[in-house]
Structure formats: C-alpha cells, structure tokens
Amino acid sequence: MQIDKMGENKSKIKVYVDGANMFYAQKKLGWSFDWVKIKNKIEYEGELIECRYYTALKEGDEKMQSYLRYLDAVGFLPITKPLKKISEGDSFVYKANFDVEITADILLDKTNIDEIILFSGDSDFQYLLKRLKDAGKKVSIFSSKKTISWELKLVASNIIYFEKIRELIERKQNRPDFSERSVKLH
1 MQIDKMGENK SKIKVYVDGA NMFYAQKKLG WSFDWVKIKN KIEYEGELIE CRYYTALKEG
61 DEKMQSYLRY LDAVGFLPIT KPLKKISEGD SFVYKANFDV EITADILLDK TNIDEIILFS
121 GDSDFQYLLK RLKDAGKKVS IFSSKKTISW ELKLVASNII YFEKIRELIE RKQNRPDFSE
181 RSVKLH
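Residue numbers for the sequence shown follow UniProt numbering, beginning at 1 and rising by one.
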C-alpha cells in the first residue's frame, strides 16, 4: 500500500473470492467469516475497487440464493454458473470450477489495479500468480494454513492466514435474512 504525504494515492485493490475454496476453508476451521469485516479490513489497506465472489449455483437452492443476496448487499459481486451433475459409476457428484473465470477476470483487470487479493488456497493459481508477480503486480493470498497449497506459498507476494486474523474477521452472529429479496446474479 502506498500513501503520499496528503493521505491520497492509495493502492487500487481488487478482490477475487474462490467461493468453493472458502466454503471448505471455513468448514476445516470450524468457524465462519464475516464478509463485512473482511471488506472493511481491505478498505482500510487501500482503495477497494471491487470484490467478486465466484460460486456454483444449484437450481432451486434457496439457501445459496439467500447467501448470494447477502453477499451482494454487503458489496461482493456474485459471479455464478450452474452446478454440474456428473455421473461417476452408480453415483453422481456435483462440480463447478471457476479457475478459468477467476484467471480471465484477473488478467483483464490487472492493468487498472495495483494489488490483487485472491481468497483461495488452490494450487491451480500458481502459474497465474507467478506471471503476475513477474510482471510486478502485488498478489496477496487470503487462506487457511489448513487449506493453502505449498505452490501458492512459493509465489504469493503476501499471505494472510485466517487463523492469525480470526478475531478481526470471524462472524459472531447470524447474518441478516435476505430470503425475500431478489438479486441479479452475474
């Protein structure tokens, strides 16, 4: 972050959240994130341009719809696509991967921002982060010590572990109910 003598010229920051990765991080940690607190912490560090939250959407999942309305209301732009049902022998698994979408958006946005913040521990982002770092971009990773890949540890400019900032970002109460409101999903 860079601030001149007059307190201006803060670093321009954009946030990209790998929703599935954060779901599993919270599950492993045993506590939930307060996205308002997280957004406020990032805004304190620089000029927050946008926050994007990438996640799959299962048809008819009202609980997820409500969660996405909450995220939209607190300033995280939901980027969604349908959850795919994939046959595996006698059973099915559901899958939706956003690595390509997150990578494409970061590459399209990189010239207009100073810092990229990625909420993920997924090793699939290693090459992207290496190239961004080689191009002089600051890339910060928010992840859990329990879920971050060793590959990301090698290439990130900065790693913020949820365990170290728990008291600043943990959700202490239930989030507001957004079940009756509609939100435009992107």
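Where is the CB? At the ideal position from N, CA and C, for every residue including glycine.
1) By DSSP, does Arg171 sit in helix, in strand, or in coil?
2) Could you round the C-beta distance between Ile116 and Glu101 to whole angstroms and report it? I think they count as a contact, below 8 Å.
3) Between which two residues does the alpha helix (DSSP H) harbouring Val100 extend?
4) Sorted by chain position, which residues of the same chain lie with C-beta nearer than 6 Å to Ser143's C-beta, five sequence neighbours on each side aside?
5) Report, in whole angstroms, the separation of the C-beta atoms of Leu129 and Leu152, which I expect to be a contact under 8 Å.
6) Give the straight-line distance between the Cα atoms of Val36 and Ile169, rounded to the nearest whole angstrom.
7) Hey, out of Ile13, Gly19 and Val15, whose CA is closest to Ala96's CA?
8) Report back the beta-carbon spacing between Lys12 and Ile113 to the nearest angstrom; my notes put them in contact at under 8 Å.
Quick look at the numbers:
1) Here residue 171 corresponds to residue number 171 of the sequence shown, with the count starting at 1. Arg171 falls in the coil class under three-state DSSP.
2) Numbered from 1 along the sequence shown, position 116 holds the residue referred to as residue 116. Numbered from 1 along the sequence shown, position 101 holds the residue referred to as residue 101. Taking C-beta atoms under 8 Å as the contact rule, Ile116 and Glu101 fail to qualify, at a distance of about 15 Å.
3) Within the sequence shown, numbered from 1, the residue matching residue 100 stands at position 100. Residues Asp99 to Asp109.
4) Here residue 143 refers to the residue found at position 143 when the sequence shown is read from its first residue. Around Ser143: Gly121.
5) One-based indexing of the sequence shown puts residue 129 at position 129. One-based indexing of the sequence shown puts residue 152 at position 152. For a cut-off of 8 Å, the C-beta gap from Leu129 to Leu152 is around 7 Å, short enough to register as a contact.
6) Within the sequence shown, the letter at position 36 stands for residue 36. Within the sequence shown, the letter at position 169 stands for residue 169. Rounded to whole angstroms, Val36 to Ile169 spans 8 Å at the Cα level.
7) For the purposes of this step, residue 96 is identified with residue 96 of the sequence shown, where counting begins at 1. Of Ile13, Gly19 and Val15, the residue nearest in Cα terms is Gly19.
8) The residue given as residue 12 occupies position 12 in the sequence shown. The residue given as residue 113 occupies position 113 in the sequence shown. Their Cβ separation, rounded to whole angstroms, is 5 Å, which keeps Lys12 and Ile113 in contact under 8 Å.
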